[in-house]
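Every number in my numbering is 353 more than the matching position in the sequence shown, counting from 1. Taking it in order: structure first as structure tokens, then the write-up.
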Amino acid sequence: MPLRTLKPHRVLLDKTDKAHAILSKTCAETISLAERRILILTNGKRSLKDLVDTLGEAIMPSVHHLVEQGYLVARPRDKAIDRFVLAPADRIGGLLRGR
């Protein structure tokens, strides 16, 4: 999924098998230290915005490169999860009961 088509808070990033393989090596000759940091912090639960907030705007070219090279996959955040996570505390019980 192209990153440019989604808002950063709506994009979840996850590692691929290729990323897990490169991180398990003691030396990461094919990726930069900045890209390695991005892969380490990416867990499928953090949004692109979370990563940018943590590492800064300068990571965007590296994120795009990692997606293009098959180290990361980008997917839209589930709206049902957003409803639960972003709901006021008094509404969470109703959401759990399907209201």
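Even glycine gets a Cβ: it sits at the ideal position worked out from N, Cα and C.
Rounded straight-line distance, which links the Cα of ARG430 to that of ALA372: For the purposes of this step, residue 372 is taken as the residue at position 19 of the sequence shown. For the purposes of this step, residue 430 is taken as the residue at position 77 of the sequence shown. Each residue's alpha carbon lies about 21 Å from the other.
Which residue comes first and which comes last in the beta strand (DSSP E) that contains LYS378? Within the sequence shown, residue 378 is the residue found at index 25, counting from 1. Neither: LYS378 is in no beta strand (DSSP E) and is coded neither H nor E.
By how many angstroms is the C-alpha of ILE393 removed from the C-alpha of ASP367? Position 14 of the sequence shown, counted from the first residue, corresponds to residue 367. Position 40 of the sequence shown, counted from the first residue, corresponds to residue 393. For ASP367 and ILE393, the distance between alpha carbons rounds to 10 Å.
When DSSP labels each residue in this structure, what does ILE428 get in the three-state scheme? As a working note, residue 428 is residue 75 in the sequence shown. Looking at the sequence provided, one finds Arg at residue 428 rather than Ile. In the structure shown, ARG428 sits in a strand (DSSP, three-state: E or B).
Short check: CB of LEU425 to CB of THR369, under 8 Å? By 1-based counting over the sequence shown, the position of residue 425 is 72. By 1-based counting over the sequence shown, the position of residue 369 is 16. For LEU425 and THR369, yes; Cβs fall inside 8 Å.
Given this structure, state the Cα-to-Cα distance separating ALA387 from ARG399, to the nearest angstrom. Numbered from 1 along the sequence shown, position 34 holds the residue referred to as residue 387. Numbered from 1 along the sequence shown, position 46 holds the residue referred to as residue 399. Approximately 17 Å, taken between the alpha carbons.
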